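Residue numbers (the working numbering), protein chains in the order written: chain C, 321 to 656; chain V, 12 to 290; chain E, 425 to 758. We put the CB at the ideal spot given by N, CA and C, even for glycine. Note that the structure is predicted; figures quoted are calculated from it, not measured. Worksheet: the structure to be examined is printed underneath.
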Amino acid sequence: MLGFVVRRLILVIPSLAGLLVLTFFLIRVVPADPAAALAGENATPAQIAEIRHQYGFDQPLLVQFGVYLAQVARLDFGESAYSRRPVSVDIKQRLPATLELTLAALIFATALGIPLGTLAAVYHNRWPDTVLRILSVGGVAIAAFWFAIELQLVFAMDLGWLPLRGRLSPGLAPPALVTGFYLIDSLITGRLDAFGDALRHLILPAFTLSLGGLATITRFTRAGVLDTLQKDFVTYERAQGFPAGPLIWKFVLRNSVVAAITQIGLLFGGLIAGAVVVETIFDWPGIGFYTVQAILTADTKVMLAITLLIGVIYAIVNILVDVVNGLIDPRLREND
Amino acid sequence: MLILVKFAKDKPAVLGAAIVLAVVAMAILAPLIAPYPGDVAASHLLQRLKPPSPEHPFGTDNLGRDILSRVILGARGALMIALLVVGISMAIGVPLGLIAGYQQGWLSQTIMRVTDIFLAVPQLILALALAQLMGPSLESAMLALTLTYWPFFTRIVYAETRRLAAALFIDALQCIGAGAPRILFLHILPNAISPIIVRATIGMGFTILVAAVLGFLGMGATPPDPDWGLAIAESRQYLPEAWWFSTFPGLAIFLTVLGFNLLGDGLRDIVDPRLRRSR
Amino acid sequence: MTADPLLEVKNLRLSVRTDEGVAQILDHVELTVARGQITGVVGESGCGKSTLARAVLGIFPKAARIESGEIRFEGQDLLALSDADMTRLVRGRRIGFIPQDPYLALNPVFKIGAQLLAAMRWHAAQPTSEAARRAELVGLLRRVQLPEPEAVLERYPHQFSGGQRQRLLIAGALAARPALLIADEPTTALDVTTQLEILKLLQALTQEFGVSMVFVTHDFGVVAELCDVTTVMYAGQTVETGPTGAVLAAPRHPYTQALIACHPDRAAALIGIPGQVPSPLAPPPGCRFAPRCPTAADVCRRRRSRLVADAPAHGVNCRLADERLAARQAGVDA
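Structure below.
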C-alpha cells in the first residue's frame with residue numbers, strides 16, 4: 321500500500337513542474353513588458369523599475385526561472401494591488417474558509433448521495449428509483465445562485481431559523497487560530513458557543529454548494545450498484561444465504577463506489593468554481609470571492625498565485641482519489 | 012418508429028421533451044402570448060413591486076414591469092444564447108474531432124492537446140477574465156461559453172471517428188478512391204450524429220445555466236434585457252418582501268434546464284445501448 | 425428407497441416472461457436425491473438443468489414464475505417458504521452451492537477470509553467465536569488441498585488460479601455442513617487436468633462429509649465418473665433417470681439412446697441427432713422430443729410429461745415405457 325502511495329506521489333511531480341513552467345512563461349515571457357504586467361495598471365515608472373530589478377527581468381531566462389522557483393518555494397508572490405497586502409497572507413487568511421465550506425459540502429453530498437444512490441438501484445424501476453432519478457437531474461439543473469437566494473428567503477428571512485450571511489454572528493469572537501477551520505478550532509479550544517454559531521452559518525452555504533455534487537454522486541452510485549447487481553458473485557452470495565442487508569450495504573456497495581469516488585475528485589474542482597458564486601451570495605470570506613476580485617482588477621500576482629494553488633489542490637485531490645480507490649479495490653493497486 | 016415507441020415509454024424523457032417544446036413555443040410566440048409585451052423596456056413606476064394578482068400572475072418588479080411577461084420574453088434570450096453557443100461550438104468542435112480522429116500524425120496530437128487545455132479551464136473563470144478584457148456584455152459571455160464548450164464535441168467526435176476509421180468499410184471506400192472530406196462528411200459523420208445530438212441537448216441546458224450565472228454577476232446581459240439571471244440579481248435588494256421577483260425567473264431557469272437535461276438523458280438511453288444498462 | 429429421499433422435486437413447471445413472449449423453461453420436471461447419493465443432471469445447453477438446480481435454492485431471474493409443482497427438502501416444501509426464510513434457514517446452511525464460473529463467483533474486493541467467515545458466522549448452528557470459525561475454515565481449506573491456508577485467508581480472489589478458486593468455493597459450500605450440495609457445472613470453466621482433480625476431490629469430500637449432491641453437467645464422461653444416479657433432461661423435460669451404469673449402458677429413452685450413440689467415444693463417425701432443439705417459447709405439445717424421435721406416434725403429442733418406472737429404480741418419460749409397463753401388468757395379471 322505504501323509503495324502505491326509513493327508511486328502516485330511521484331507521478332504528480334511532472335504535472336506540477338509543467339504548471340510551474342507554464343505560469344513562468346505566461347507571466348514573464350508572454351507580456352511585452354512583464355514588469356508592467358506584474359506591477360498592475362496604476363503603477364508608477366519607479367515602481368515598475370523596482371519590480372524589474374527585484375524579479376530580475378534584466379537577467380537571462382534561466383536565471384529568472386531560478387529566481388521564480390525560489391520565490392515560489394518561499395511562498396513569496398508579491399503584494400496584491402487591490403488589498404495592498406502580501407498575496408500569501410491574503411490567501412492564508414482566506415483559504416481555510418473556502419476549504420471548510422467545500423469540505424462540508426462534499427461530506428454532505430457523499431454521506432447522503434451514496435445511500436440514496438444505493439436505494440435507487442435496489443428499488444430499480446419502482447417509484448423510489450423514479451423519484452430519485454428526477455431529483456438527481458433536478459439537482460444538476462438548479463442554478464446555485466438562485467437556490468441560495470431562495471434558501472436565504474425562506475430560512476433566514478421568513479423563518480429566521482438560520483443566519484443570512486457570513487461565517488459567524490457579528491458579536492461573536494472567532495475561535496483562536498489553529499487550523500483556520502472554525503468548526504475544528506472551536507472544538508479544540510473549548511468554545512462551544514462559537515462551534516454552534518459557526519455550524520449554523522455553515523448550513524445554508526454548504527447545502528447550496530452540495531446540490532450538484534449530491535445529484536452526481538447519487539447517479540453514479542446508482543449506476544455502479546445496478547452494474548454490480550448483475551454480477552455473478554452477487555447471485556452466488558445470495559445462493560449462499562447472505563442476508564439482504566449486509567449483502568447490499570457491505571458486499572455490493574464496496575464494488576460499486578469506485579466510479580462515484582472518482583466523480584468526487586472531479587467534483588472538488590467544480591466546487592471551487594461553485595464557491596465563487598456561493599461566497600458572493602453569503603458573504604463568505606474565502607478565496608472564491610478573492611479570485612473574482614483579482615480577475616476583475618487584473619491583479620496578475622494574485623491570479624498567478626491562485627492558479628498555482630488550484631493546480632496543487634487538484635494534484636492532491638487526484639492522489640487522494642486514487643489512494644481511496646486503491647484501498648477499496650485491491651486490483652487497482654497492482655500494476656502501474 | 013420503434014425508437015419513438017421506446018422513447019415514449021421513458022416518462023422522465025417524455026416530460027423533458029414536453030418542457031423543451033413548451034419553452035421553444037414560448038420563445039417563438041413570446042410577443043404574442045406575453046400579456047404586457049411592451050414591458051421589455053417600458054416602466055410603470057406606480058405598479059412597483061406588486062404581489063401576484065390576476066392582472067399580474069407573477070407580480071411586478073422594481074420598475075413596475077410585469078414579471079410573467081418578462082419571464083416569457085426572457086425565454087427568447089436564453090434560447091438564443093444557448094443555440095448560438097452550442098451551434099458555434101459544434102461548428103468548431105465537430106470538424107476538429109473528425110480531423111483529429113481520421114489523421115494519425117502530429118496534427119491529431121496537437122488538436123487533442125489543445126482540446127485538453129481548453130477543457131481544463133473552468134468556464135466561469137474564463138468568462139470573468141474575458142469580461143474583464145472585453146468589457147462585460149452578452150457577446151463576451153457567449154464567446155467565453157463557446158470557447159469552453161467546443162472541446163466536448165471534439166472529444167466525442169474524435170472517439171467515434173477513431174472507432175469508425177478502423178472499420179472495414181472505410182478501407183473499402185479508400186480503395187475506390189474516395190477523398191478524405193467525402194469519407195468524413197458523408198460516411199463517418201452520419202454515424203457519429205447520435206452522441207453529438209445528445210451532447211448538444213445537454214449543452215443547451217448547461218449553457219442556459221452558466222449564462223444565467225453570468226447574467227447574475229453582471230457579466231452577461233445588461234439592463235433592461237429581460238434576462239432571467241439579471242432579474243434575480245436585480246431582485247436581491249427587494250427581498251424578502253418581493254419574494255416573487257426572484258422566485259419566478261429562477262423557476263423558469265430551473266424548469267428549462269431540467270427539461271433539456273431530461274430530454275438529453277432520454278436521448279442518450281435510446282442512442283447508446285451500452286449506457287442503457289444503468290436504467 | 426428405504427429411507428425418505430433428501431430432495432424430491434415433483435411436477436415442477438417454471439416459465440419466464442421475455443420480450444418475445446412467455447418461455448416454458450421447465451415442464452413437469454422431476455428429480456429425486458436420496459441421502460448420501462450423488463445425482464447427475466445431464467443434458468444439452470438450454471435444456472433447463474441449471475434452471476432446475478437454481479430453482480431448488482429459489483434463485484431465478486425476476487421475470488421467472490413457478491407455475492406449479494413441489495420441491496420437498498428434508499420433508500419441507502421449499503416453495504412455501506418466503507425468500508427471507510430461505511435465506512435464513514436453507515441457503516448456504518442446509519444446501520450449499522458450487523457455481524459454474526470460479527473466476528466470477530468470488531467477491532473481488534474482499535479478502536477470502538472476510539467472505540467465507542462472514543457466511544460461517546451467519547449460518548452457525550450455535551454461537552461460536554471468531555477464532556473457532558477461523559480454525560475450522562483453515563481445516564476445511566486444508567481438506568480441499570489448498571496449501572498455506574492461513575495465508576489464503578488474507579489474500580484476494582484475483583491472486584488465485586481457476587482451480588484454486590473452485591476449491592475455495594467448495595470449501596465455502598461445505599463450511600456450514602449442509603445436507604445437500606448443488607453443483608452447477610463446476611468443472612466446465614476449468615482445463616481438463618484440473619477438472620479431474622476437482623471431480624476426485626468432490627467424490628472424496630461427499631463421502632467424508634456425508635453430504636448428498638446434485639451435479640449438473642453436459643458431459644456424460646463426468647457423470648460416468650462421479651454420479652450414482654443420472655437424470656437426463658431435454659428441452660425442459662426430464663426424460664430418463666436411473667442408476668448411472670444402467671442409463672449409460674442400457675438407455676431406455678430414445679433421446680438418451682441417440683445421445684449415447686452419438687458420443688464421440690462410441691460413434692465411429694461424427695454424427696448428430698437430426699432436427700433441432702425446440703424453442704421454449706413455442707414448445708411442441710406433449711413430449712418435446714417427439715418431432716425428432718424415430719419412434720414417435722400420435723399419442724406422444726398428447727402425453728403429459730412424466731417419468732414411468734420402466735425397470736427397478738429406472739424411470740423413463742416415454743409412451744414406449746407406458747406400453748412396456750402396461751404389457752408387464754397384463755402379463756402379471758394373466
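Nearest residue (CA-CA) to residue i, options the options
{"i": "V/ALA102", "options": "V/ALA19, V/ASP280, V/VAL168 and V/LEU40", "result": "V/VAL168"}
{"i": "V/LEU144", "options": "C/ALA559, C/GLY631, C/LEU616 and C/PRO566", "result": "C/LEU616"}
{"i": "V/LEU32", "options": "V/GLY277, V/ASP280 and V/THR267", "result": "V/THR267"}
{"i": "E/GLN619", "options": "E/GLY586, E/GLY596 and E/ALA600", "result": "E/GLY586"}
{"i": "E/SER703", "options": "E/ALA733, E/THR456, E/GLY460 and E/GLY472", "result": "E/GLY472"}
{"i": "V/ALA222", "options": "V/PRO234, V/ASP238 and V/ASP50", "result": "V/ASP238"}
{"i": "V/GLY214", "options": "V/GLY190, V/GLY270 and V/LEU225", "result": "V/GLY270"}
{"i": "E/GLY482", "options": "E/ASP509, E/ILE462 and E/GLY460", "result": "E/ASP509"}
{"i": "V/ILE39", "options": "V/ALA86, V/ILE207 and V/ILE92", "result": "V/ALA86"}
{"i": "E/LEU650", "options": "E/LEU629, E/SER439 and E/GLN661", "result": "E/LEU629"}
{"i": "V/LEU278", "options": "V/THR212, V/LEU118 and V/ASN73", "result": "V/THR212"}
{"i": "E/VAL740", "options": "E/PRO675, E/ARG579, E/PHE633 and E/ILE697", "result": "E/PRO675"}
{"i": "C/ARG520", "options": "C/TYR443, C/TRP466 and C/PRO483", "result": "C/PRO483"}
{"i": "E/GLY493", "options": "E/LEU505, E/ASP451, E/GLY537 and E/ASP652", "result": "E/ASP451"}
{"i": "V/PHE129", "options": "V/GLY104, V/PRO162, V/ILE136 and V/ALA142", "result": "V/PRO162"}
{"i": "C/ASP478", "options": "V/GLU252, V/ILE110 and V/GLY104", "result": "V/GLU252"}
{"i": "E/ALA670", "options": "E/ARG690, E/ASP652 and E/HIS687", "result": "E/ASP652"}
Per DSSP, cross-strand counterpart(s) of residue i
{"i": "E/LEU450", "result": "E/LEU438"}
{"i": "V/ILE78", "result": "None, per the DSSP bridge assignment."}
{"i": "C/PRO406", "result": "C/GLU399"}
{"i": "E/ASP608", "result": "E/VAL640"}
{"i": "E/GLU432", "result": "E/THR456 and E/ARG496"}
{"i": "E/GLY521", "result": "Position check: residue 521 of chain E holds Phe in this sequence, whereas Gly was assumed. Looking at the DSSP assignment, E/PHE521 forms a beta bridge with E/ILE606."}
{"i": "E/ALA733", "result": "E/GLY739"}
Nearest-angstrom Cα separation, counted from residue j out to residue i
{"i": "C/GLY533", "j": "C/GLN613", "result": "26 angstroms"}
{"i": "C/ALA417", "j": "V/HIS198", "result": "54 angstroms"}
{"i": "V/ALA263", "j": "C/SER456", "result": "18 angstroms"}
{"i": "C/PHE324", "j": "C/VAL643", "result": "8 angstroms"}
{"i": "V/THR121", "j": "V/GLY112", "result": "12 angstroms"}
{"i": "E/ARG515", "j": "C/LEU529", "result": "46 angstroms"}
{"i": "C/LEU329", "j": "C/LEU503", "result": "30 angstroms"}
{"i": "V/ARG288", "j": "C/ILE454", "result": "Confidence at V/ARG288 is low in this model, with a pLDDT of 37, below 50, so the placement of that residue should be treated as unreliable; the coordinate-derived value is given next. V/ARG288 and C/ILE454: Cα-Cα distance of roughly 17 angstroms."}
{"i": "E/HIS547", "j": "C/GLY561", "result": "8 angstroms"}
{"i": "E/MET425", "j": "E/VAL723", "result": "In this prediction, E/MET425 has a pLDDT of 44, which is less than 50 and means its spatial position is unreliable; nothing more can be read from the coordinates."}
{"i": "E/ALA477", "j": "C/ALA593", "result": "56 angstroms"}
{"i": "E/ALA714", "j": "E/PRO678", "result": "10 angstroms"}
{"i": "E/PRO581", "j": "E/ALA595", "result": "14 angstroms"}
{"i": "V/ALA19", "j": "C/GLY458", "result": "20 angstroms"}
{"i": "E/ALA745", "j": "E/LEU528", "result": "43 angstroms"}
{"i": "E/LYS486", "j": "E/ALA542", "result": "26 angstroms"}
{"i": "E/ILE536", "j": "E/ARG558", "result": "12 angstroms"}
{"i": "E/VAL446", "j": "C/LEU567", "result": "31 angstroms"}
{"i": "E/VAL533", "j": "C/ARG651", "result": "8 angstroms"}
{"i": "C/LEU492", "j": "C/ASP505", "result": "14 angstroms"}
{"i": "E/GLU554", "j": "E/VAL562", "result": "12 angstroms"}
{"i": "E/GLN461", "j": "E/VAL640", "result": "14 angstroms"}
{"i": "E/VAL616", "j": "E/GLY645", "result": "12 angstroms"}
8 angstroms contact criterion, which residue i and residue j should meet: CB distance rounded
{"i": "E/GLY467", "j": "E/VAL656", "result": "6 angstroms"}
{"i": "C/VAL637", "j": "C/GLY585", "result": "5 angstroms"}
{"i": "C/ALA425", "j": "C/LEU591", "result": "6 angstroms"}
{"i": "V/THR165", "j": "V/VAL96", "result": "Incorrect: roughly 15 angstroms between the Cβ atoms, too far for contact."}
{"i": "E/LEU598", "j": "E/LEU577", "result": "Not a contact, Cβ separation roughly 16 angstroms."}
{"i": "C/ASP649", "j": "C/VAL572", "result": "About 13 angstroms; that fails the 8 angstroms criterion."}
{"i": "C/LEU381", "j": "C/LEU628", "result": "That belief does not hold up - the Cβ atoms of C/LEU381 and C/LEU628 are roughly 19 angstroms apart, past 8 angstroms."}
heavy atom of the ligand COA below 8 angstroms from residue i C-beta
{"i": "C/ILE584", "result": "Although the ligand COA was asked about, the structure shown includes no ligands whatsoever."}
Below-9 angstroms beta-carbon distance, residue i vs any chain D residue
{"i": "E/LEU481", "result": "Protein chains in the displayed structure are C, V and E, and chain D is not among them."}
#### Entry: Length at least 3, wholly inside the stretch 622 to 687 of chain E: the beta strand (DSSP E) runs in chain order
636 to 641, 653 to 658 and 661 to 667
### Task
Output the residue ranges of the alpha helix (DSSP H) runs that lie fully inside the stretch 107 to 190 of chain V and measure 4 residues or longer, sorted by chain position.
117 to 131, 134 to 145, 149 to 176 and 179 to 186
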